[in-house]
Amino acid sequence: MTKSLGTMGMQDEHATTFGRKRNCAVTRCGGLALAVSFLAAILATGLLVYHFSPCGRGFATSSGRPIDGDDGGRSGRSFGGSSSSKKKLDVRLPRSILPQSYELKLIPYIWPGNFTFDGEVKIVVNVTEDTYKVTLHAVDMKIDESFTSIKEYPLVEGDTNKQIKVSRQLNDSARQFHVIEARQQLKAGKQYLLHLKYVGNLNDYLQGFYRSSYVENNQTRWIATTQFQPTDARRAFPCFDEPALKATFQISIARPKNMTAISNMPKEKQTDQVAGLPDYVWDHFERSVPMSTYLVAFIVSDFQVSKSKSPGGTDVSVWARKEAIQQADYSLKIGPQILNYFEDYFKIKFPLPKIDMVALPDFAAGAMENWGLITYRETAMLYQNGVSTRANRQRLANVVSHELAHQWFGNLVTPTWWTDLWLNEGFASYAENIGVNAVEPSWKVIEQFVVHELQNVFGLDALESSHPISIEVGHPDEINEIFDRISYAKGASIIRMMDHFLTTEVFKRGLTNYLNGKAYQSAEQDDLWNALTKQAHEDKVLGQDVTIKQIMDTWTLQTGFPVVTVTRDYANDAAAITQERFMLRNFTRGESEPVWWIPLTYTTAKKMNFNDTKPATWMKAEKAISLKNIGAAANDWILFNILETGYYRVNYDHDNWQMLIKQLKGPDYEAISTTNRAQLIDDALNLARAGRLDYATALDITSYLSKETEYLPWKSALVALNFLDSMLIKYQGYDMFRLFALKLLDNVYNKVGFKDNVDDPQLTVFTRIDVLNWACYLGHEDCIRNAVSQFAAWRETSDPNRENPISPNLKSVVYCTAVRMGGESEWNFIWKRFKESNVGTEKDILLNALGCTRETWLLSRYLDWAMSNSTGIRKQDVTRVFTSVSNNIIGQPLAFNYFRNKWDQLKYYFGNSLLTLNNIVKSSTKRISTKYELKDLLDFANEHKEDLRSATRAVEQAIENGEVNIRWLERNHANIQEWLKNNAH
145 MTKSLGTMGM
155 QDEHATTFGR
165 KRNCAVTRCG
175 GLALAVSFLA
185 AILATGLLVY
195 HFSPCGRGFA
205 TSSGRPIDGD
215 DGGRSGRSFG
225 GSSSSKKKLD
235 VRLPRSILPQ
245 SYELKLIPYI
255 WPGNFTFDGE
265 VKIVVNVTED
275 TYKVTLHAVD
285 MKIDESFTSI
295 KEYPLVEGDT
305 NKQIKVSRQL
315 NDSARQFHVI
325 EARQQLKAGK
335 QYLLHLKYVG
345 NLNDYLQGFY
355 RSSYVENNQT
365 RWIATTQFQP
375 TDARRAFPCF
385 DEPALKATFQ
395 ISIARPKNMT
405 AISNMPKEKQ
415 TDQVAGLPDY
425 VWDHFERSVP
435 MSTYLVAFIV
445 SDFQVSKSKS
455 PGGTDVSVWA
465 RKEAIQQADY
475 SLKIGPQILN
485 YFEDYFKIKF
495 PLPKIDMVAL
505 PDFAAGAMEN
515 WGLITYRETA
525 MLYQNGVSTR
535 ANRQRLANVV
545 SHELAHQWFG
555 NLVTPTWWTD
565 LWLNEGFASY
575 AENIGVNAVE
585 PSWKVIEQFV
595 VHELQNVFGL
605 DALESSHPIS
615 IEVGHPDEIN
625 EIFDRISYAK
635 GASIIRMMDH
645 FLTTEVFKRG
655 LTNYLNGKAY
665 QSAEQDDLWN
675 ALTKQAHEDK
685 VLGQDVTIKQ
695 IMDTWTLQTG
705 FPVVTVTRDY
715 ANDAAAITQE
725 RFMLRNFTRG
735 ESEPVWWIPL
745 TYTTAKKMNF
755 NDTKPATWMK
765 AEKAISLKNI
775 GAAANDWILF
785 NILETGYYRV
795 NYDHDNWQML
805 IKQLKGPDYE
815 AISTTNRAQL
825 IDDALNLARA
835 GRLDYATALD
845 ITSYLSKETE
855 YLPWKSALVA
865 LNFLDSMLIK
875 YQGYDMFRLF
885 ALKLLDNVYN
895 KVGFKDNVDD
905 PQLTVFTRID
915 VLNWACYLGH
925 EDCIRNAVSQ
935 FAAWRETSDP
945 NRENPISPNL
955 KSVVYCTAVR
965 MGGESEWNFI
975 WKRFKESNVG
985 TEKDILLNAL
995 GCTRETWLLS
1005 RYLDWAMSNS
1015 TGIRKQDVTR
1025 VFTSVSNNII
1035 GQPLAFNYFR
1045 NKWDQLKYYF
1055 GNSLLTLNNI
1065 VKSSTKRIST
1075 KYELKDLLDF
1085 ANEHKEDLRS
1095 ATRAVEQAIE
1105 NGEVNIRWLE
1115 RNHANIQEWL
1125 KNNAH
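If you're matching positions, the sequence shown starts at 145 in the working numbering and goes up one per residue.
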């Protein structure tokens, strides 16, 4: 699954207001009634008991002490998120009964109807040990218990002795179990047929089997669709809803005659007999290959379809609203090409005869990899020439590639349990770049990975409240929590690191062996490690005494990542190398600190080799090593982590930093690769943020940017400078920071200009958008004049039927700047265009711009409108609204107060699963920098400690971020102000 567009999207990387990354909604919601009953059950059983302070009395600061000063002490609170702080309840199904096949029939009552569905399921099961109980999952449905039956299988016609009588049925709501107790024992080694009928709900919470809608010709049109990952197939049919419990599925859907049904497999036949429903017909689909319940999918809609075929012969189709189907042309073009590329990459043919890609008006995540039927948010699959941006197009390609990579890595071979979710998502997040690079090589997406993924996730992974990639999870709330940047971006980063230290050919051969060996089964990370180790030993890229498990367990089972410190012995051409965990909040370290297997790569001023990523040596889970004969003269710099292929930061002694700064400030700064220039900026400013490097040195490095014009270094710089902007903007001396930043931007601003050129390379376009967003935000007069005049010209000629004269790539900066410099009329104009737009990517940019206004009453109204079904803002987009408001210095306190004061309303609106609230919490709290703001957040956390549920980890991280920000200001504000005083002009 691709995460929400805001948390992972290229749209949000580039089409931002003054360069700030924006998050948009990820929602998995359930019915209010279920939420209430479920919470009651949780409280009754003690499932969610939180221990956030040393004595278990609620939330405390990380040190357990007042926040006025930094005592450097260890945390007195467990920072594992709710996974570590809940009393454990065993929610795993017993293994006495395993499913073999499902036969599923569904009749959804879409419109006119009551948004329910009738369901009937037959499950053939294998009994592995004698038992009286059949335990499976079922949620938010009414099972007809009088109908439920168990029979020996295969059935023998007329043999009534094969019927197993049911004594009773129980609903274990805390575990989401439905338990069927038989009067006689089910025998190991035998097969039985379970037969159940039930009524379910087509909810509007974007989970399970749910309803969506859109308006066409002033008429509301309804859709019934699915989203089952991770634990919501149980809302559509009683099932064994765990990833390892694979089975085959034969699905039949009754649909209105004027609509279409699609599922994982091709349609086998159509029959017209639907009892009592003359306007309905049955569609019957071919039996599937063995797969997990979370990959099952079916959709009933009146969408239009366009078809193609991959070079390998697979039928590929795209589906969308009639008014948007032409926007699917680019997806239909690249989908078959990427599918064919991955067949060659894995050396395994795509196992199904067809693949459908569907753009849904309402969808919680970015996309979902259902086998043979991939579902997308419209903005992740649709692209309109002349309206959508280059960033939209790249985002679309990344998402399509991500989901196609899953067809092998996740679908063909599935993690045994959600502990190894990162195997799915981390690999797809890495492979998506490889797939896109195959069809759009000029975009250089593999180079972009460092700034969009690796450096981005460093920020989250530097918190004490981060978590290991591979983490024990049980309850669905805990499972939902780990669909985060750690599983996706950190997972992708360490897989990329493996690709480099093994070499790509060895890595690919090991993957193919793993996939062939585990095809149609489930696997754990150790299975992948074993396959890669075997291949690495065969090809002699690792010593026979070293395994991939030894290396990679240190990266997947430990929280955080290391900072490698290089202290040179200049007289003897040597260096002492140490490692320790990098954290934004320092504390006293002990003997039990984590250590990693680190592949060390480096080059020198003499060698200047920025292409060889084969490890020069390893730190083998040891705190310190010595390097001799490094090949650097006393007056030459050394630089570690070539192309930032290793998942670690690097610090140097003072003299080496000064030599690197001298190289960057000199005429030959491009002798250092663009990726490593980006690395030096990101490492230096974050080392300074953590107190490991003085800010004078870090800011000296940024001074060279007055000459820099490449995208990667600027992206790293603007992300790091964004933190400084957020912290300094409310305090004395901010004017000097603004002048300093404008001085750095002057040269690159003049180079990229305010005109978008069709033939510009992708990275030039991205640089232009970031630079213009920052320049206009900081008050650059030429930038503001251009933006306001282009907006005015659009308003004067504006007509929904006429083409927008503003270049698509410039829309983000023009819209936001005009709204910020204007008033109510500009805001209302953007709002009107939002309501009229038929293009999802355009609607996203307009939503972002609406948060740019300086009118507080407009921002408050905007937040209220986001929480109303009647305004046209979809639930999937509410987080985008909160983020756009929070990114506004005036709006951040409004968003912070809104989520605290209306927590119950937010929970009601988003239903049973609260993942959307995670992003609202993160965006609304990221600027907290005073102890009084932090106290408000702590008070909120303590007041709601029993009902935070899947938002628990987000609140913990917000509290820690607030502490870090407060201590940062106390420690650094005066020093930075002094440096700026000497360097800003």
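Idealized CB from N, CA, C, for every residue including glycine. These figures come from a predicted structure and were not determined experimentally.
Residue i lies in the alpha helix (DSSP H); which residues open and close that run?
i, result
"Q538", "534 to 550"
"K662", "Unbroken run through K662: none, as it is neither H nor E."
"Y1006", "1000 to 1010"
"E513", "Careful: E513 lies outside any alpha helix (DSSP H) and carries neither H nor E."
"L1081", "1075 to 1087"
"Y921", "906 to 921"
"D459", "Premise fails: D459 lies in the beta strand (DSSP E), 459 to 464, not in any alpha helix (DSSP H)."
If you check the beta carbons only, do residue i and residue j fall under 7 angstroms apart?
i, j, result
"I518", "Y574", "no"
"I623", "P374", "yes"
"N345", "T260", "yes"
"K491", "T648", "no"
"A441", "A503", "no"
"Y855", "T911", "yes"
"I443", "I406", "yes"
"I324", "S445", "no"
"F867", "L1124", "no"
"L439", "V557", "no"
"E569", "Y632", "yes"
Using only CA atoms, which one of the options lies nearest to residue i?
i, options, result
"S432", "V425, E412, F447", "E412"
"E1077", "D914, I294, A1102, Q669", "A1102"
"D988", "V708, N948, W975, V909", "W975"
"R1044", "Q363, K1089, I1120", "K1089"
"N800", "I406, D717, E616", "D717"
"A582", "H596, Y489, G618, H619", "Y489"
"A931", "G775, D826, T961", "T961"
"H596", "S637, L1050, G579, V268", "S637"
"S452", "Y474, P759, L808", "Y474"
"V543", "P952, W566, E576, N402", "E576"
Which first and last residues belong to the beta strand (DSSP E) in which residue i is found?
i, result
"W562", "Element bounds for W562: n/a, residue is neither H nor E."
"Q1121", "Element bounds for Q1121: not the beta strand (DSSP E) but the alpha helix (DSSP H), 1096 to 1127."
"V710", "706 to 713"
"A636", "First-last for A636: 635 to 646, but that is the alpha helix (DSSP H), not the beta strand (DSSP E)."
Using a Cβ-Cβ cutoff of less than 6 angstroms, which residues in the same chain neighbour residue i once the five nearest sequence positions on both sides are dropped?
i, result
"A749", "D780, W781"
"T985", "T523, S532, N536"
"D212", "Only weak support is given to the placement of D212: the predicted model assigns it a pLDDT of 32, under 50, and the question is left unresolved by the model."
"S454", "V460, P480, L483, N484"
"K309", "R327"
Here's the rule: buried if 16 or more other CB atoms are within 10 angstroms of the residue's CB, otherwise exposed. What is residue i?
i, result
"M641", "buried"
"Q528", "buried"
"E487", "buried"
"I692", "buried"
"D1083", "exposed"
"N755", "exposed"
"S226", "Residue placement at S226 is poorly supported in this model, since its pLDDT is 40, which falls under 50; the coordinates are not used for a value here."
"Y336", "buried"
"I1033", "exposed"
"A1118", "exposed"
"H1129", "exposed"
"R712", "buried"
Can you find the residues in the same chain that come closer than 7 angstroms, C-beta to C-beta, to residue i, ignoring five residues on each side of it along the sequence?
i, result
"R939", "F973"
"L183", "Only weak support is given to the placement of L183: the predicted model assigns it a pLDDT of 38, under 50, and the question is left unresolved by the model."
To which residues of the same chain is residue i closer than 8 angstroms at the C-beta, ignoring the five residues directly before and after it?
i, result
"K979", "G1016"
"Y792", "F705, P706, V707, V708, Q723, F726, W740, I742, N785"
Please report whether the beta-carbon of residue i lies at a distance below 7 angstroms from any beta-carbon of chain C.
i, result
"R1093", "No chain C is part of this structure, which consists of one protein chain only."
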